[in-house]
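Residue numbers (the numbering used here): 4 to 266.
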């Protein structure tokens, strides 16, 4: 009986009040969401302004960088490259090299010469920390490498490096989307006409530079590598440079050790 009286004593909330409360809660949630989105947009715009703002000093540096690139390009166009600079690529040959775009801290994204950008695009190296396999049997390929040498490192990869890259980072384009190469059926479907039916066949063709090398290289998308710490990368690049200066000619780049830093 006491329980019944207690229930009867509870205040009754009208349906209108409940509906109004529900509407108010929805509106409050909507306003909170809009506020969060507005703050995110403000931060995005702020970052965009910081990224696009270029100081006079940056403009001057970029102008000098473009000028240096222009002078270098003119030199390559009108003079034969010295043996010290381009021993590896002065004459076309059948060597297979792995070319890695490491970038250059002195050449910003605003200071990349159009001809160098075009050469990088031709080599399919549109982004830093990407890599492709090339065969140095085409004069145009050799010329492109000369143009982009400040932005790349290249050398002959070992069998283990080729295998590790394909197993860990091998991708191809399927229906317009990058897909990992994990299915031998797919390989046979796309490369079977070249007698390439499995991943090991692809690895063999890339290492040996066989007749189907170009087909296999085109089937592969550029490898997207991890960006190593700046210190480790600069140490490795400086090591390459010192070896060249001490030997008096370009040495075989140890791309295997560089790939270990980035794979």
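All C-beta atoms in this analysis are idealised placements derived from N, C-alpha and C, irrespective of residue type, glycine included.
- [ ] In the DSSP assignment, find the beta strand (DSSP E) that holds residue 133 and state where it starts and stops.
- [x] That run of the beta strand (DSSP E) goes 133–138.
Open item on the list: Quick check: residue 194 and residue 218, are their CB atoms within less than 8 Å of each other?
Closed with: With respect to the 8 Å criterion, residue 194 and residue 218 are classified as neighbours on the basis of their beta carbons.
Task: At least 3 beta-carbon pairs within less than 8 Å: the stretch 179–188 vs the stretch 145–160 - done: No, because fewer than three Cβ pairs between the stretch 179–188 and the stretch 145–160 fall closer than 8 Å, the two stretches do not touch.
TODO: Assuming residue 265 and residue 231 form a contact by the criterion Cβ under 8 Å, report the distance between their Cβ atoms to the nearest whole angstrom.
DONE: Sure, about 5 Å apart at Cβ, within 8 Å.
Open item on the list: Along the chain, where does the alpha helix (DSSP H) containing residue 144 start, and where does it finish?
Closed with: Where residue 144 is concerned, the enclosing alpha helix (DSSP H) stretches over 142–151.
Task: Residue interval of the alpha helix (DSSP H) (run including residue 221) - done: For residue 221, the uninterrupted alpha helix (DSSP H) segment begins and ends at 216–222.
Task: Check whether residue 227 and residue 132 have beta carbons under 8 Å apart - done: Yes, they are a contact pair.
TODO: Would you identify the three-state DSSP class for residue 105, choosing helix, strand or coil?
DONE: Residue state, collapsed to three classes: coil.
Task: Exposure label - residue 208; buried when at least 16 CB within 10 Å - done: Around the beta carbon of residue 208, 16 or more other beta carbons sit within 10 angstroms, so the residue counts as buried.
- [ ] Can you give me the Cβ contacts of residue 105 inside the same chain, cut-off strictly under 6 Å, excluding the 5 residues immediately before and after it?
- [x] So the list reads 156, once near-sequence residues are dropped.
Open item on the list: Taking the alpha helix (DSSP H) that residue 263 belongs to, which residues open and close that run?
Closed with: In the DSSP assignment, residue 263 falls within the unbroken alpha helix (DSSP H) covering 258–265.
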